[in-house]
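Heads up, the sequence shown stops at 455 in the working numbering, and the numbers go up one at a time, no gaps. A short write-up of the structure that comes next.
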Amino acid sequence: MVATLVAVLTISTFFTASLIVELKGDVLLIKQVKKYILFTLPILLITMPVLGITGNKLAGNTKHPTILKKKRRMTFIFLNGLILIFLAIFLYYRANFGFIDEVFLTAQIAELVFGIINLTLIGMNAKAGLRLSKGARTRKVHIASKY
Ligand code: HEM
């Protein structure tokens, strides 16, 4: 649950900050936001694998359809995440050491699109998780003390 909240808040903040500065068109602010995103990226590099690993541990070898769907979604979340990391690094370098031009803008739009897709998938996994927990007789959490 904690990892879910951290991931959702981090990605939403990245998304909102990028969109606002992009719309304002303030070059200095764009550079700062891209730097801030790059430096806070490690938060996601920790929370996302935590969600995947603890989720898989909880799941065991179950064939529960909801859990199998969560696993499949996690694969897309992971692949999208790799694209987002690449774009965040690219946008940081382009903004701070290159140009804020059409190339930057195209990559920025791609980042916003992949970002919203990942937020939706993470939200769907959280919703499915909460449903699973409600149905479970003994409620376990993703980051329980035994992990
Ligand atoms: C983005 C990735 C994920 C998010 C945001 C997420 C979120 C959640 C949340 C919020 C819960 C309910 C509260 C809790 O137990 O912490 C939950 C439960 C659960 N999740 Fe995930 N989850 C993710 C990935 C996965 C994966 C990859 C699996 C494995 C297939 C998984 C398996 C489970 C299971 C089995 C439960 C029920 C635990 C119980 O018995 O109460 N999750 N998840």
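Each residue gets a CB set at the ideal place from its N, CA and C atoms; glycine is no exception. Since the structure is predicted, the reported quantities are computational estimates derived from the model, not experimental observations.
Checklist entry - Looking only at C-alpha atoms, which of L392, K377, A403, G437 sits nearest to I319? => result L392
Checklist entry - Any heavy atom of the ligand HEM closer than 7 Å to the Cβ of G360? => result yes
Checklist entry - Would you say the beta carbon of T321 comes nearer than 7 Å to a heavy atom of the ligand HEM? => result no
Next on the checklist: Below 8 Å on the Cβ atoms is my contact criterion, and I expect L420 with L346 to pass it. Report the Cβ-Cβ distance as a whole number of Å.
Outcome noted: Not a contact, Cβ separation roughly 16 Å.
Checklist entry - Does the beta carbon of N404 fall short of 7 Å from some heavy atom of the ligand HEM? => result no
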